[in-house]
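Encoded as structure tokens, the structure appears first; notes follow it.
Residue numbers (our numbering): 391 to 498.
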């Protein structure tokens, strides 16, 4: 019989940690310019330290194509572009079960 199609993943999510709020905002501005060129924009959340004495500012990026009900090639291309901007910055990554990543895609 035919094998079932893989379940569509709702979103790709990545957390990047920067030394302070200013660096986090600078990163978001850079992501904005790349997103404009791709015409595909992530949801962006900026959070300061969660515990007293902790340093750093977290930028959480979420990519999805809501009109299609989940992750599409456009999301994978945007993720790859963002990864090229911050190759060593990523410190935490979250995501669900998903089909094999497209060529050139990594780290989400």
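Every residue gets a Cβ at the ideal spot worked out from N, C-alpha and C, and that includes glycine.
Since the model is a prediction, treat every value here as computed from it, not as a measurement.
Look at the alpha carbon of residue 488 and the alpha carbon of residue 448, and state the distance between them as a whole number of angstroms. Interpretation of residue 488 is limited by its pLDDT of 35, a score under 50 that renders its predicted location unreliable; the figure taken from the coordinates is listed afterwards. Distance between the alpha carbons of residue 488 and residue 448 is about 24 Å.
Going straight from the alpha carbon of residue 429 to that of residue 440, what length do you get? 32 Å
Neighbourhood of residue 411 by C-beta distance below 6 Å, restricted to the same chain and skipping five residues each side: 447
7 Å CB neighbourhood of residue 459 in its chain, flanking five on each side removed: 398
Determine, using beta carbons only, whether residue 414 and residue 436 come nearer to each other than 8 Å. yes
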